[in-house]
Every structure is written in C-alpha cells, then in structure tokens.
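To start, the structure itself, in structure tokens.
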Amino acid sequence: MNIITTRFGLIQAPESELYRIPEGLLGFRSYTQFLHLPDPVVSGLSWLQSATAPDLAFGLVAPPLAVGDYRVEIRPGDRAALELADERCAMIYVVLNRGASGGLTVNLQGPLVFNPVRRLGRQLVLTSSRYPVRYPLESVGSPQSSAPTVLPGLTPLRATA
Numbered sequence: 194m195n196i197i198t199t200r201f202g203l204i205q206a207p208e209s210e211l212y213r214i215p216e217g218l219l220g221f222r223s224y225t226q227f228l229h230l231p232d233p234v235v236s237g238l239s240w241l242q243s244a245t246a247p248d249l250a251f252g253l254v255a256p257p258l259a260v261g262d263y264r265v266e267i268r269p270g271d272r273a274a275l276e277l278a279d280e281r282c283a284m285i286y287v288v289l290n291r292g293a294s295g296g297l298t299v300n301l302q303g304p305l306v307f308n309p310v311r312r313l314g315r316q317l318v319l320t321s322s323r324y325p326v327r328y329p330l331e332s333v334g335s336p337q338s339s340a341p342t343v344l345p346g347l348t349p350l351r352a353t354a
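Under the working numbering, think of the first position of the sequence shown as 194, with each following residue one higher.
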C-alpha cells in the first residue's frame, strides 16, 4: 500500500501494518487508519500518520517521557473494544501539542491505547482531573519531576495536526 504524507513523503507499507482506530480521535472521527512511525530525528518521539490524509499526523511520546507517575486504568469496555485480553500488552502514548506560547505540551487526559497484536487503537478520555489536557513538557527533567529528559532535541519537531 502506498501512503502519501507531507512529513515523510511516500511510504510503502503492507496493509497489515495499519492500525485501525474505529472511533477515530477526538476532533478527527472520520480518520480511522494510521501508521505508527518512529521519528527519524528525535529519540522517543513517534508519529501516528493518517493513511488517508497526507497532512494529518500526531506526534506521540510514551507517558513516562512526560510524567513519571502517570497511570491509566483501561476500563472493561475499552479492553473489549481493543480486543485486549491482557492490558499489560497495551501500548500507551500521549499526544504532543504546541501551546499558544510555542512550547510543547502533552495531553494526559486523552491517551491513545493500542493493541499491537490486533492492530487496534482507541483514544481514552480520562475523567480524573488529576491529569491536564495540556501538561507542559518544559517540566520534564526539572527537579520536581522524576521523568528523565530524553527529548533534548525537540526543536526539529514538526507541527502536529
């Protein structure tokens, strides 16, 4: 399958590598097929690239890279939708955003959960007010944060959708 992208050019990938997100993402419900790609420059950063919209890609990081004590409970309905027998097999990511001041934030209230075996994904909406929608990445590596600074080169980060 040929996937045209504005960030990575033409990508050839078998259809079996696509992740289906049947309900889409918040604000992007009609897009349901994506490739998960590592960033070619920034370690720890990956991209969720739409298979049908060349300019639609979301920057992702694993939660420990943003906040050390992040915990997500996958509810039974979400586990069933993901066909996930064991939640320890789930891959969990948070979406990067560029804030109004230009700094980077992550959405801790809307993590993406993937079942890598079934190639299914789902965006959760956490009801706990413990996690903000725009958690600043600038706090990564600060004295009060237990998360390591592993994204030192975020300046090459391309804009996300």
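Using N, Cα and C, we set each Cβ at its ideal position, and we do this for glycine too. It should be emphasised that the depicted structure is a prediction, and the values quoted were computed from it without experimental measurement.
Apply the 10 Å Cβ neighbour rule to residue i and answer buried if 16 or more other Cβ atoms are within range, or exposed otherwise.
{"i": "Ile214", "result": "buried"}
{"i": "Asp232", "result": "buried"}
{"i": "Glu306", "result": "It should be noted that the sequence gives Val, not Glu, for residue 306. That one is buried."}
{"i": "Val234", "result": "exposed"}
When you compare only the Cα positions, how much space is there between residue i and residue j?
{"i": "Pro257", "j": "Val265", "result": "12 Å"}
{"i": "Leu230", "j": "Asp248", "result": "14 Å"}
{"i": "Val333", "j": "Gly314", "result": "Low per-residue confidence applies at Val333: pLDDT is 42, beneath 50, and the placement is therefore not dependable enough to give any value."}
{"i": "Ser322", "j": "Ala259", "result": "17 Å"}
{"i": "Pro269", "j": "Cys282", "result": "15 Å"}
{"i": "Ala293", "j": "Tyr286", "result": "22 Å"}
{"i": "Leu253", "j": "Asp279", "result": "23 Å"}
Going by DSSP, what residues sit across from residue i in a beta bridge?
{"i": "Ile285", "result": "Val306"}
{"i": "Tyr212", "result": "Phe227"}
{"i": "Leu203", "result": "Ile197"}
{"i": "Tyr324", "result": "The partner list for Tyr324 (beta bridge, DSSP) is empty, contrary to what the question assumes."}
Near residue i, what residues of its chain come up, given a Cβ to Cβ distance below 6 Å and the 5 sequence neighbours on each side ignored?
{"i": "Tyr263", "result": "Pro256"}
{"i": "Pro207", "result": "none"}
{"i": "Val326", "result": "Asn300, Gln302"}
Spatial neighbours of residue i within its chain, please: C-beta separation below 7 Å, excluding the five flanking residues on both sides.
{"i": "Asn195", "result": "Leu203, Gln205"}
{"i": "Ser245", "result": "The sequence shown places Thr at residue 245, rather than the Ser named in the question. For Thr245, where only same-chain residues beyond five positions count, the Cβ hits under 7 Å are Tyr224, Gln226."}
Could you check whether the Cβ of residue i sits closer than 7 Å to any Cβ belonging to chain B?
{"i": "Gly261", "result": "Among the chains of the structure shown, chain B does not appear; only one protein chain is present."}
What does a CB cutoff of less than 8 Å around residue i pick up in its chain, not counting 5 residues either side in sequence?
{"i": "Arg222", "result": "Glu216"}
Continuous beta strand (DSSP E) assignments of at least 3 residues falling wholly in the region 217 to 292: Secondary structure within the region 217 to 292: the beta strand (DSSP E) runs of 3 or more consecutive residues, fully enclosed, are 226 to 231, 239 to 243, 250 to 254, 284 to 291 (chain order).
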